[in-house]
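Enquirer: Heads up: the sequence shown is residues 2 to 105, going by the working numbering.
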Amino acid sequence: YVTEKVLAAVYKALNDHHVYLEGTLLKPNMVTAGHSCSKKYTPQEVAMATVTALLRTVPAAVPGICFLSGGQSEEEASVNLNAINLCPLPKPWKLTFSYGRALQ
2 YVTEKVLAAV YKALNDHHVY LEGTLLKPNM VTAGHSCSKK YTPQEVAMAT VTALLRTVPA
62 AVPGICFLSG GQSEEEASVN LNAINLCPLP KPWKLTFSYG RALQ
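Okay, here's the thing in structure tokens:
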């Protein structure tokens with residue numbers, strides 16, 4: 002829910018300023034549980050929530066999405082990215098990662 006609200010506001014602002022989306026990349030978080038949430042979600046659940054949020058908010062004109070690790074461990078971020086790539090939902094963007102801290 003939070004990710005969708007933020008991304009919707011970002012793309013509204015970009016549209017308001019006539020930004021050429023085909024020349025942009027998005028570096029979002031994955032949709033994971035907050036620190037105060039006691040439930041542990043599977044990589045498949047993270048993938049479905051993440052791709053659903055992106056499909057609802059990110060125009061297909063955006064050529065690529067570079068996921069941030071967002072405080073996840075190297076392994077968790079990699080497993081979640083793999084699950085996102087395997088997710089059966091359509092993904093009209095190229096997907097990659099930007100995991101500076103997670104890989105250190």
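Even for Gly, the Cβ is constructed at its ideal location relative to N, Cα and C.
Assuming ALA84 and PRO44 are in contact, meaning their beta carbons sit under 8 Å apart, how far apart are those beta carbons, in whole angstroms?
Expert: Here residue 84 is taken as the residue at index 83 of the sequence shown, counted from 1. Here residue 44 is taken as the residue at index 43 of the sequence shown, counted from 1. About 4 Å separates the two Cβ atoms, so the contact holds.
Enquirer: Between which residues of its own chain and CYS38 is the CB-CB distance below 8 Å, once the five residues before and five after are set aside?
Expert: The count along the sequence shown starts at 1 and reaches residue 38 at position 37. The answer is none, since no qualifying residue turns up.
Enquirer: Going by CA-CA distance only, name the one from TYR21, VAL3 and ALA61 that's closest to ALA34.
Expert: As a first step, residue 34 must be located in the sequence shown, where it is residue number 33. Comparing Cα-Cα distances from ALA34 to each of TYR21, VAL3 and ALA61, the minimum goes to VAL3.
Enquirer: Identify the continuous alpha helix (DSSP H) that holds LYS6 and give its terminal residues.
Expert: The residue labelled residue 6 in the question sits at position 5 within the sequence shown. LYS6 -> alpha helix (DSSP H) spans 3-17.
Enquirer: Let me know the secondary structure DSSP gives SER79 once reduced to three states.
Expert: If you number the sequence shown from 1, residue 79 lands on position 78. Note: SER79 maps to helix in three-state DSSP.
Enquirer: GLY65 and LYS95: beta carbons closer than 8 Å?
Expert: Taking the sequence shown and counting its residues from 1, one reaches residue 65 at position 64. Taking the sequence shown and counting its residues from 1, one reaches residue 95 at position 94. Yes, the pair counts as a contact, with Cβ atoms nearer than the cut-off.
Enquirer: Select from VAL11, LEU22 and LYS13 the residue whose C-alpha is nearest the C-alpha of ALA61.
Expert: As a position in the sequence shown, residue 61 is number 60, starting the count at 1. Cα-wise, what sits closest to ALA61 is LEU22.
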